[in-house]
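Protein chains in written order, with the UniProt record's numbering: chain A, 1 to 409; chain B, 1 to 409.
Glycine included, C-beta positions come from ideal geometry on N, C-alpha and C.
All values reported here derive from a predicted model rather than from experimental measurement.
Protein chains: 2
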Amino acid sequence: MVTERMTTRAIDPEAGGDGRGDDRDGFGTVFGNGRGGDASDRQSGRAAGRGNGAPATLSDVAREAGVSIATASRVLNGGTRKVRDDLRGKVMQAAERLNYHANAYAQAVAKGGSSNIALLVSDISDPYFAGVSQGVVKAASQRGVTVSIAVASNGEDELDRVRGLVATRPRGIIISESENVNDSARQELQEELERYRSSGGRVVFILDRGLPFPAVDVANEAGGRAIGRLLVESGYRRPVILKGNDGYRSSAQRYRGVVGALAEAGIMVDPRAVANGQFNRTKGFSAIMQMAGAGGMLTPGEGAVYGGAGADSIVALNDVMAIGAMTALRNAGIVPGRDIGVTGFGDIPYAVDVHPALTTVHLPLTDMGRAAVESVLSDDEYVADDSGRRLIFLQGRPDVILRDSLPRR
Amino acid sequence: MVTERMTTRAIDPEAGGDGRGDDRDGFGTVFGNGRGGDASDRQSGRAAGRGNGAPATLSDVAREAGVSIATASRVLNGGTRKVRDDLRGKVMQAAERLNYHANAYAQAVAKGGSSNIALLVSDISDPYFAGVSQGVVKAASQRGVTVSIAVASNGEDELDRVRGLVATRPRGIIISESENVNDSARQELQEELERYRSSGGRVVFILDRGLPFPAVDVANEAGGRAIGRLLVESGYRRPVILKGNDGYRSSAQRYRGVVGALAEAGIMVDPRAVANGQFNRTKGFSAIMQMAGAGGMLTPGEGAVYGGAGADSIVALNDVMAIGAMTALRNAGIVPGRDIGVTGFGDIPYAVDVHPALTTVHLPLTDMGRAAVESVLSDDEYVADDSGRRLIFLQGRPDVILRDSLPRR
DNA sequence: CTGTTAGCGCCTTCAG
DNA sequence: CTGAAGGCGCTAACAG
Numbered sequence: 001m002v003t004e005r006m007t008t009r010a011i012d013p014e015a016g017g018d019g020r021g022d023d024r025d026g027f028g029t030v031f032g033n034g035r036g037g038d039a040s041d042r043q044s045g046r047a048a049g050r051g052n053g054a055p056a057t058l059s060d061v062a063r064e065a066g067v068s069i070a071t072a073s074r075v076l077n078g079g080t081r082k083v084r085d086d087l088r089g090k091v092m093q094a095a096e097r098l099n100y101h102a103n104a105y106a107q108a109v110a111k112g113g114s115s116n117i118a119l120l121v122s123d124i125s126d127p128y129f130a131g132v133s134q135g136v137v138k139a140a141s142q143r144g145v146t147v148s149i150a151v152a153s154n155g156e157d158e159l160d161r162v163r164g165l166v167a168t169r170p171r172g173i174i175i176s177e178s179e180n181v182n183d184s185a186r187q188e189l190q191e192e193l194e195r196y197r198s199s200g201g202r203v204v205f206i207l208d209r210g211l212p213f214p215a216v217d218v219a220n221e222a223g224g225r226a227i228g229r230l231l232v233e234s235g236y237r238r239p240v241i242l243k244g245n246d247g248y249r250s251s252a253q254r255y256r257g258v259v260g261a262l263a264e265a266g267i268m269v270d271p272r273a274v275a276n277g278q279f280n281r282t283k284g285f286s287a288i289m290q291m292a293g294a295g296g297m298l299t300p301g302e303g304a305v306y307g308g309a310g311a312d313s314i315v316a317l318n319d320v321m322a323i324g325a326m327t328a329l330r331n332a333g334i335v336p337g338r339d340i341g342v343t344g345f346g347d348i349p350y351a352v353d354v355h356p357a358l359t360t361v362h363l364p365l366t367d368m369g370r371a372a373v374e375s376v377l378s379d380d381e382y383v384a385d386d387s388g389r390r391l392i393f394l395q396g397r398p399d400v401i402l403r404d405s406l407p408r409r
Numbered sequence: 001m002v003t004e005r006m007t008t009r010a011i012d013p014e015a016g017g018d019g020r021g022d023d024r025d026g027f028g029t030v031f032g033n034g035r036g037g038d039a040s041d042r043q044s045g046r047a048a049g050r051g052n053g054a055p056a057t058l059s060d061v062a063r064e065a066g067v068s069i070a071t072a073s074r075v076l077n078g079g080t081r082k083v084r085d086d087l088r089g090k091v092m093q094a095a096e097r098l099n100y101h102a103n104a105y106a107q108a109v110a111k112g113g114s115s116n117i118a119l120l121v122s123d124i125s126d127p128y129f130a131g132v133s134q135g136v137v138k139a140a141s142q143r144g145v146t147v148s149i150a151v152a153s154n155g156e157d158e159l160d161r162v163r164g165l166v167a168t169r170p171r172g173i174i175i176s177e178s179e180n181v182n183d184s185a186r187q188e189l190q191e192e193l194e195r196y197r198s199s200g201g202r203v204v205f206i207l208d209r210g211l212p213f214p215a216v217d218v219a220n221e222a223g224g225r226a227i228g229r230l231l232v233e234s235g236y237r238r239p240v241i242l243k244g245n246d247g248y249r250s251s252a253q254r255y256r257g258v259v260g261a262l263a264e265a266g267i268m269v270d271p272r273a274v275a276n277g278q279f280n281r282t283k284g285f286s287a288i289m290q291m292a293g294a295g296g297m298l299t300p301g302e303g304a305v306y307g308g309a310g311a312d313s314i315v316a317l318n319d320v321m322a323i324g325a326m327t328a329l330r331n332a333g334i335v336p337g338r339d340i341g342v343t344g345f346g347d348i349p350y351a352v353d354v355h356p357a358l359t360t361v362h363l364p365l366t367d368m369g370r371a372a373v374e375s376v377l378s379d380d381e382y383v384a385d386d387s388g389r390r391l392i393f394l395q396g397r398p399d400v401i402l403r404d405s406l407p408r409r
């Protein structure tokens, strides 16, 4: 175990306290305070619905307007308008006065279908998923559908969450998880989703996982190949590769691309120089800390990779890994970019803000989210059989963004 | 307008294309591919619910089990179990066989209340909001409630989104927006929320906005003061301050703290050295680009702040602004940490990964989200009047995290 | 303990 | 064009 933030001190501004402590510090410490209230506090005594409790219902509005509940429904929610103008006016006024809002649940029950989609991610606070989620939510709200979000940090959770989401009967469910689970969980997941689909739901993955459902995908292998080529063109020969879980398809594809391009240039990757892990910052950090620490595998000398020559570059198959790796390098006294080149994959927003700025391949995160909601909301029949039309490709050829973390050498 | 990524080139790995182009490139280019399907594609023909279409309903299960629909309901969903074991068994088997999942909407309608909360943020892809959201979603799912999320990038959107969310009749709504809107929108928002509350909903803000609703808040002013003090203790005298929108309470509080501490040490902030903006990376970047560019306000000389002496530090009242500012400094040939000290506010995960690592005050993002969920789900009566118990404070005294971006000088 | 009977709030034929 | 009536899937008294 390598501890992090080695160089970080925490102080308490008021006292000489013991510092930052556990993240959970102070949580739950709920206490009142005596600030005088704002002038605006109680000044708006405007009629609030039915004054007392429950929100106004359709029949309230109907009664108030002196029409039937059916007409009220037609003007308020019905699509095609076929109501006399005076009635229509009355209804709208009544609705306004009562502050009527349709009850979405009742509508869903009556119509037998909601206007909600579900999104499952493994970690919202990861910039990759945050970007995708942003795309999903914005695209959905443009189309007037709401999105429920759930996070599943591990493979077991995933199945639970999916079950929970299915219960809310969304129009569709979008799964953007990074890691693959063990085979039995995978099998159960597939069955659950198939049942969901056979009951009219639509499912789409973001990044293909090899399951028989549509998936929004990107050119992973081509991207990897581009990175590999860039590496050799820029004069690097001895890369360390940081990949994700082996069961994770996208990681495998990127890896294949990198290794392939390298091989074409006659470069064989030292098996000791490839680290398996997960697509998260911590793993990138710890992998490099370990290599740098234990025997100095990175820098030339006894026990170093590539027969003692050491590494000249780090190829992370994911941006946050690359970023974690960079700070690990620094902790080990190695200057990223100067001593060792670094590349990422994804082009998350903060890739420009690390130093040196990260060379990486661009992934249209927001668009990926958008494409997923389009797929889920479309009425196209999906082809259940296996040929064609299962993958939705964004970007045919990847763009690699050259920054300073991989200078020519 | 200052353009960004000035040093960034984009290449196309295959052709000598014109680079990265617009972000929207390639979007919508949906095309099939001919990959052979996986073996797993059609092998699982397991009974899927009622085989054909609609999912099984409660009465389906009841019939299948040979019991009344009420008993079925009791065993499947009812809390307290009071059903004979043999019947209970039959029901569960039937449910299993039919793959029954309760229809959450119908339940919500019947019970007159859902088990869903709504979350409104201004930008999920901002690490601050991502952290908060993560806390909200996890806490909610632990309690078995789902969360619907919406994003409102600006003040007008906010009102729309709130209306949309109210329509879904959530148990509560959590608002974590960073900017204040104009007065009329603010007034409408307040009224909308008051109606929602009077119909039984609970609302809570994350970071107080001065509206008459509960808010999860942190020690903004104390945090600001801590930063101010740290500044003078570390030998800085001429800070540039990057604040948020003036209407934004938390920003104002932090600002007051910083300026107050500075004043105590006899330091007056040059008015030209404070930039108003918004709490986002871009604003931090452009503010510094502008200062560094136009006449070189930052470095000693004609037209520089502090009577020509220039700035020795940048105090951003938000981490992402600080991060944007750091890369802007670099673009201007100024080395952050060495030439000019930098501080942030928030301690987002990637604050450790910029270089030099960011000195900042820690905010318990995840816990803030969790506290909001607890508030919204609790049954405490809220005090509508203005004295006491409106603010929920996490952390009484802020922790400032010392890293390398503000070395002693 | 179990089944019967009303609704929940809304939509949607179906007559007028 | 409008109103009455039945139904969506489920829960909640209420009798047995």
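Judged by DSSP secondary structure, Ile288(A) falls within the alpha helix (DSSP H) whose first and last residues are Arg281 to Gly293. Below the 8 Å Cβ cutoff, chain B contributes no neighbours of Gln253(A), its closest Cβ being approximately 12 Å away.
Using a CB distance cut-off of 7 Å, Val166(A) counts as an interface residue toward chain B. The Cβ neighbour count for Lys111(A), taken over all protein chains shown within 10 Å, is under 16; the residue is labelled exposed. Thr57(B) and Glu158(A) have their C-alpha atoms some 25 Å from each other. Distance between Ile348(B) and Val354(A), taken at the CA atoms: about 14 Å. In this structure, Arg409(A) and Tyr306(A) do not form a Cβ contact; the two beta carbons are roughly 15 Å apart against a cut-off of 8 Å. Taking a 10 Å sphere around the C-beta of Met268(B), we find fewer than 16 other C-beta atoms and assign the residue as exposed. Looking at the DSSP output, Phe393(A) bridges to Asp217(A). Taken in chain order, the whole beta strand (DSSP E) runs of length 3 or more contained in the region 205-257 of chain B are 215-217 and 239-242. If you draw a straight line from the Cα of Val67(A) to the Cα of Leu87(A), it comes to about 8 Å.
The beta carbon of Pro55(A) falls within 7 Å of a beta carbon belonging to chain B, placing the residue at that interface. The region 170-180 of chain B and the region 127-145 of chain A do not touch, with fewer than 3 CB-CB distances between them shorter than 8 Å. Within the DSSP secondary-structure output, Ala140(B) pairs in no beta bridge.
With contacts defined by Cβ atoms closer than 7 Å, Gly337(A) and Pro356(A) form a contacting pair. Exclusion of the five residues before and after Arg202(B) leaves Gly172 and Val376 as the residues of its chain whose Cβ lies within less than 6 Å of its Cβ. If you draw a straight line from the Cα of Gly228(A) to the Cα of Gly310(A), it is about 18 Å long. Using a C-beta cut-off of 8 Å, the region 389-409 of chain A makes no contact with the region 155-169 of chain A, since fewer than three inter-stretch Cβ pairs fall below that distance. Within 9 Å of the CB of Tyr248(A), no CB atom of chain B is found; the nearest one sits about 16 Å away.
Under a 10 Å Cβ-count criterion, Glu221(A) is classified as buried, with 16 or more other Cβ atoms of the shown protein chains found around its own Cβ.
In the three-state scheme derived from DSSP, where H, G and I count as helix and E and B as strand, Asp157(A) is classed as helix. Within the UniProt domain "HTH lacI-type" (56-111) of chain A, the residues whose Cβ lies closer than 7 Å to any Cβ of chain B are, in chain order, Asn99, His101, Ala102, Asn103, Ala104, Tyr105, Ala106, Ala108 and Val109. Under the Cβ criterion (8 Å, minimum of three pairs), the region 360-380 of chain B counts as touching the region 133-149 of chain B. Note on geometry: alpha-carbon atoms of Ile314(B) and Gly301(B) lie some 18 Å from one another. The shortest C-alpha to C-alpha distance from Ile174(B) to any of Tyr248(B), Asp379(B), Met368(B) and Pro407(B) is the one to Met368(B).
In the three-state reduction of the DSSP assignment, Ser313(B) falls in the strand class, which pools E and B. A contact is defined here as three or more CB-CB pairs under 8 Å, and the region 276-284 of chain B fails this definition with respect to the region 255-263 of chain B. Using a Cβ-Cβ distance cut-off of 8 Å, the region 234-252 of chain B and the region 203-213 of chain B are in contact, since at least three pairs of beta carbons, one from each stretch, lie closer than that value. Per DSSP, the beta-bridge partners of Ser176(B) are Val121(B). Going by beta carbons, Val216(B) and Ile392(B) fall inside the 7 Å limit. In this structure, Gly344(B) lies away from Leu363(B), with their beta-carbon atoms at least 7 Å apart. Listed along chain A are Ser125, each with a C-beta nearer than 7 Å to that of Gly131(B). DSSP, read as helix, strand or coil, puts Val67(A) in coil. Taking 7 Å as the upper bound on Cβ-Cβ separation, chain A lies near residues Ser133, Gln134, Val137, Lys138, Ser141, Thr146, Val147, Ser148, Ile149, Ala150 and Val151 of the region 133-159 of chain B. Taking 9 Å as the upper bound on Cβ-Cβ separation, chain B lies near residues Val320, Ile323 and Gly324 of the region 310-324 of chain A. Put simply, the CB of Ser176(A) is far from chain B, with every gap to its CB atoms at 7 Å or more.
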